[in-house]
Amino acid sequence: MSEPIIQIRHLTKTFGSGEGAVHALDDINLEIRQGEIFGIIGLSGAGKSTLVRCMNLLERPTSGTVIVDGQSLAWTDEADGRQHFIGERELRLARRKITMIFQSFNLLMQRTCLKNVCFPMELDGVPAAKAKQRALELLELVGLGDKAGAYPAQLSGGQKQRIAIARALASDPKVLLCDEATSALDPTTTRSILRLIQDINKRLGITVIIITHEMAVVEEICTHVAILDHGHMVETGTVEDIFSNPKTEAGRRLVYPEGAHIDQFPASGVVRVAFNGGSSYEPLIASLAIDCGVKVNILGADTRNVGGKAFGTMLLGLPADKGEAARAMSYLMAQKDVTVEEVPDYHA
C-alpha cells in the first residue's frame, strides 16, 4: 500500500464568530494515498470546496492538521491550543506540489494558450526557452498542441479546461485538485476531460482529488470516495464499498438519487436484490427466466456500471405460485456478488 500524500486530522473551519458563525467543517479526518483518484462528494453546502481549499491553505483551517507530502502546512499546538501555519515562502514552494483547476478555468484572457501554460513557470523563474519547451510538451499532452497561439476566447469550454490542466501540470505537482472542474461542461466533454485526468494519473503518477456533487463523476474514474454532509465526513472507502453498501442516509441519497431506498418499500412476494460488484454483463433476470423458467416483475431499479462491475439495487415481484417463487429465491441467493432479502408489506 502506498504512503499517504495528504493527511487531514481533526480539521475544523468556521467562518465568522458569535451567533453568526458558520461551521463549514467539523472534525474532518482523512488520508489520501499516493496515486489515488480520490472523490470528495456531497450536496451543495456540504463543505467540499472549503475542504479542498484547506488542503493548500487557500482557506486557513480554524483548527487541525494539514500534511502534504510529509510537510505540515497547518497544525494546532497541543500546549496552548493555538493554530499555526507554515511560512509564506515555504507555502509558495509547497503549493508547487499541489496545484488546482476550477469550474471557471481561471485562464488569463489576454495571453495565448502557450503563455498561459508558461505563466507559473515564469513566476518560478524558469528560463523563457525552457518554459516554452515544457509548455509545448504539456499542450501536446492534453491534446492541444495546435492551439499554442490561440487565445482562451477562441476555445470551447472543454479546450479551456485542457489548457487549465496543462498549466496546473507546469510545476510538476504531486497532487492535482479538481474543484467541480467538469460542472460547466456538457456530458460528452465531461467524459473526455475525465479520461484525460485518468490518463494523467496513470502516466505521471499524480494523485488526483476530485470535488464534485455528481456521483456519475465519482463512478467514472475514482478509486476512493469520501462523503461530506453539512460539514461532517460521514463515509469514506473504496468506490466499490460505498456503492455496494452505503451506510448512512447521506450516502444512500447520493448512491440512490431516485429514492431507491428499497428497504422503504416493503412487500409481500417482493424481494430486494443488491448488486455488490459482480460483472455488469451478466443478465440476471434473463438468466433466471431461462435457467429456472421463472418470470419476475421488475418493480423498481437503481443500478449502475462502475468499471464493468454492477452496483445498486433492484426490487422484484415474485410470481404468485409458491413453488416458482421458491425456485426464484434459491436461484437469486446462489448468485455470486448478489444479496437478496424479502421485504414484507410492500405497497407501491
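Its first residue numbered 2, the sequence shown is counted upward by one per residue in the working numbering. Glycine included, C-beta positions come from ideal geometry on N, C-alpha and C.
Mark Q134 as exposed unless 16 or more other C-beta atoms lie within 10 angstroms of its C-beta, in which case mark it buried.
That one is exposed.
Close Cβ partners of R93 (< 7 Å) along its chain, the five nearest in sequence each way excluded
Result list for R93: empty, nothing under 7 Å.
Beta carbon of L177, beta carbon of I201: below 9 Å?
Result yes, Cβ atoms of L177 and I201 sit closer than 9 Å.
Inter-residue Cα distance where the pair is I318 and N298:
According to the sequence shown, residue 318 is Gly rather than Ile. One C-alpha to the other measures close to 5 Å.
Got a sec, what are the start and stop residues for the beta strand (DSSP E) A302 sits in?
Residues 298–307.
Within this structure, are the beta carbons of K175 and I102 separated by less than 9 Å?
Cβ distance not < 9 Å, so K175 and I102 don't count as in contact.
So, with DSSP's three-state summary, where would you put E138?
Three-state DSSP puts E138 in a helix.
Taking the C-alpha atoms as reference points, what is the distance between A165 and N107?
One C-alpha to the other measures close to 7 Å.
Close beta carbons around S105, own chain, < 8 Å, minus the five adjacent residues each side
Within the same chain, S105 has close Cβ partners A185.
First through last residue of the beta strand (DSSP E) which encompasses F39:
Start and end: 38–42.
If you count every other CB in all the chains shown that lies within 10 Å of the CB of L52, and 16 or more means buried, which is it?
Counting C-beta atoms within 10 angstroms of its own C-beta, L52 has 16 or more neighbours from the protein chains shown and is therefore classed as buried.
How about M187 and R97: do their beta carbons lie closer than 9 Å?
Here the sequence assigns Asp to residue 187, which means Met is not the residue at that position. R97 is positioned such that its CB atom lies no closer than 9 Å to that of D187.
Which of the three DSSP states, helix, strand or coil, is assigned to K14?
Shown here, K14 sits in a strand according to DSSP, grouped into three states.
Would you decide whether Q162 is buried or exposed? Buried here means 16 or more other CB atoms lie within 10 Å of its CB.
Classification for Q162: buried.
Does the beta-carbon distance from F39 to A154 come in below 9 Å?
When the beta-carbon positions are compared, F39 and A154 stay at least 9 Å from each other.
Residues in its own chain within less than 7 Å of K337 by CB, not counting five upstream and five downstream?
Setting aside the 5 residues that flank it on each side, K337 is surrounded in the same chain by G279, each with a C-beta closer than 7 Å to its C-beta; the list follows chain order.
Mark T189 as exposed unless 16 or more other C-beta atoms lie within 10 angstroms of its C-beta, in which case mark it buried.
So T189 ends up on the exposed side.
Along the chain, which unbroken stretches of the alpha helix (DSSP H) at least 4 residues long are found entirely within the stretch 49–115?
At a cut-off of 4 residues, the continuous stretches assigned as alpha helix (DSSP H) that sit fully inside the stretch 49–115 are 49–56, 89–95.
Could you give the distance in angstroms between the alpha-carbon of P5 and the alpha-carbon of D180?
P5 and D180 have their C-alpha atoms some 21 Å from each other.
Express the C-alpha separation of L26 and K14 in angstroms, rounding to a whole number.
Near 5 Å, if we compare the C-alpha coordinates of L26 and K14.
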